[in-house]
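Quick note: the sequence shown uses the UniProt record's numbering, first residue 1, plus one each step.
Virtual Cβ for every residue (Gly too), placed ideally from N, Cα, C.
These numbers were taken from a predicted model, which means no experiment stands behind them.
In what follows, a structure is listed as structure tokens, so that the remarks can point back to it.
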Amino acid sequence: MDIKLIRKKDPKMAVLIETERKRHEETLNLIASENYPSRTVREALSSMFVVKYSEGRPDKRYYGGTRVIDKLETLVEGRVKKVFKINPKKWTVNVQPYSGSPANYAVLRGLLTPGDKIMSLALPHGGHLSQGAKVSLSGQDFKIVNYFVNKKGFLDYKEIERLAKKEKPKLIIAGFSAYPRKIDFKKFGQIAHRIDAYFMADIAHIAGLIIGGVHPSPFPFADVVTFTTHKTIRGPRGAVIICREKLRDKIFPKVFPGIQGGPHNHTICALGIALKEVQTVQFKRYTRQIVKNAKILSKELIKYNFDLISGGTDNHLILIDLTSKGVSGKEAQNLLEEVSIIVNRNSIPYDQRKPFDPSGIRIGTPAATTRGMKEKEMKKIAFWINEVISKHQSNLRIKKAASKRRASLDEIRREVKKLCKKFPLS
Ligand code: DSN
């Protein structure tokens, strides 16, 4: 990006851009759904592809001047099929969805009629808003039956099957926003197909892990797969739908003209570049490191007596129940932000608190791993999280002077900044 040009033409905006960059450089991003795309991907976002309107599908457009766009979109669709190793004759790809929620909504409106029944994981148990939460159109247009994780925090496939047989939904969704364990997509596919329901896998969080071979794939068990492109894949913000060829004419018209207009071609171009990057040995190594980092971080946190939902992790994220630490999710999020560690507060299964100030925080390793951090750094991070959260409460109890509490937070913030400096962003 030509920041000098922006500085010259719009200094106010340049200040915001540079301040946000500095914020990222100097803070530790542990938001499980965020990541840093390569510079190549970011450069592509400012290409001339930003100009073009190209409603329609490759070679079937409503505008002139789309010959290059046709090539672009076809190339990127092909790369999607290649990275997921799917049979190009059986599966079809749409790279136009603006983001994950519209992608999911297009699928639901494509496969179902309003009023039909969907079965999905409850939001506080790790599901996503777009999977039928009441406040989302997906939850208003359809009848929703939720399944839950058990008290230990794991999916209970027997119970899910029992519920599916009883409720007979037309579609079952698996693939979550806050579930730290592997998902058995084969089992979900069997459960859905035994009752003639569609099986939709939303792999937004784990798409990169699947490509890297560190999480099982939903193919060929799902009928439709959706994912966002900016999480573990390290692409631009966007989404993709992959469905069985026979479902194409139901789903794709719901993307355009159903809920969208012209595709964001600059995003599609950047996605194409990310999909080339994920084919490298380095990317495979990167995904292995994401999981290694999450595992070591979870082990360390357990040593500090943190309660982890499901007792650990198999993927890139950790969900912590803070009840025993005497702080709420919001307090923990704010305390950690004071030392430049960025996490998000999160509901936990069977949460007694409200979503705006729930009992948990969710932390993830993709962004820190992109910066090159490994086991040694994870141990340090766990140490800081413990210092900030556990000590804060005991400091309050012993009424340690505010100035002393502040001094210890300031010290940790300096250390976090020092670590971030050692692992610069591209
Ligand atoms: N908001 C994303 C997350 O944090 O998981 C999902 O859309």
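Residue i by DSSP, collapsed to three states: which one?
i	result
Asn315	coil
Asp307	strand
Ser130	helix
Leu322	coil
Phe219	coil
Ala294	helix
Asp202	strand
Val41	helix
Ile31	coil
Lys60	strand
Leu247	helix
Ile195	coil
Ala239	strand
Ile233	coil
Ile341	strand
Leu425	coil
Pro253	helix
Gln140	helix
Thr287	helix
Pro88	coil
Ala178	coil
Pro124	helix
Val214	coil
Glu387	helix
Glu55	coil
Gln352	coil
Gly189	helix
Gln260	coil
Phe154	coil
Under DSSP, the alpha helix (DSSP H) around residue i begins and ends at which residues?
i	result
Ala407	Ala402 to Lys422
Val83	Arg67 to Val83
Val107	Gly100 to Leu111
residue 433	Here the chain covers residues 1 to 426 and nothing more, so residue 433 does not appear.
Thr267	Asn265 to Glu277
Ile17	Pro11 to Glu26
Ile210	Ala207 to Ile211
Could you give the first and the last residue of the continuous beta strand (DSSP E) run that contains residue i?
i	result
Tyr147	Lys143 to Tyr147
Gly364	Gly360 to Gly364
Thr92	Trp91 to Asn94
Met119	Lys117 to Leu121
Arg345	Asn344 to Asn346
Ile172	Leu171 to Ala174
Thr228	Val224 to Thr228
Return the chain-ordered list of same chain residues with a C-beta closer than 6 Å to the C-beta of residue i, the five sequence neighbours on each side being excluded.
i	result
Lys168	Ile195
Asp141	Pro114
Leu129	Ser136
Lys175	Reading off the sequence, residue 175 comes out as Gly, not Lys. Answer for Gly175: Ala201, Asp202 and Ile203, listed in chain order.
Trp91	Ile242
Arg109	Lys254
Asp223	Tyr198, Phe199 and Arg244
Leu297	Met378 and Ala382
Leu45	Pro236, His266 and Ala270
His125	Phe148, Val149 and Pro349
Once the 5 residues before and after residue i are set aside, which same chain residues still bring their CB inside 8 Å of it?
i	result
residue 432	Summary: the structure shown does not reach residue 432, with the chain confined to residues 1 through 426, and so no result is reported for it.
Lys284	Gly212 and Gly213
Lys182	His215, Pro216, Asp314 and Asn315
His193	Phe199
Val83	Ile211, Leu275, Val278 and Gln279
Gln333	Val343, Asn344, Arg345 and Ile361
Ile302	Leu308, Gly311 and Gly312
Give me, in chain order, the residues of the same chain whose beta-carbon lies closer than 7 Å to that of residue i; leave out the 5 immediate sequence neighbours on both sides.
i	result
Glu34	Ala367
Met13	Ile6
Lys250	Gly110 and Leu111
Lys22	none
Arg248	Thr92
Ser310	Lys152, Gly153, Phe154, Pro180 and Arg181
Asn150	Asp156
Glu26	Ser340, Lys417 and Cys420
Glu73	Pro58, Val95 and Ile268
- request: Name all residues in chain order for which at least one heavy atom of ligand 1 lies closer than 5 Å to the residue's CB.
  value: Ser33 and Ser177
task: Determine, using beta-carbon pairs with one atom in the segment 323–338 and one in the segment 346–358, whether at least three such pairs fall under 8 Å.
output: yes
task: Could you say if the segment 371–379 and the segment 416–425 meet the contact criterion of at least three C-beta pairs nearer than 8 Å?
output: yes
query: Is the segment 77–94 touching the segment 261–276, taking contact as three or more C-beta pairs under 8 Å?
result: yes
- prompt: Taking one C-beta from the segment 339–346 and one from the segment 404–413 each time, how about it: are there three or more such pairs within less than 8 Å?
  reply: yes
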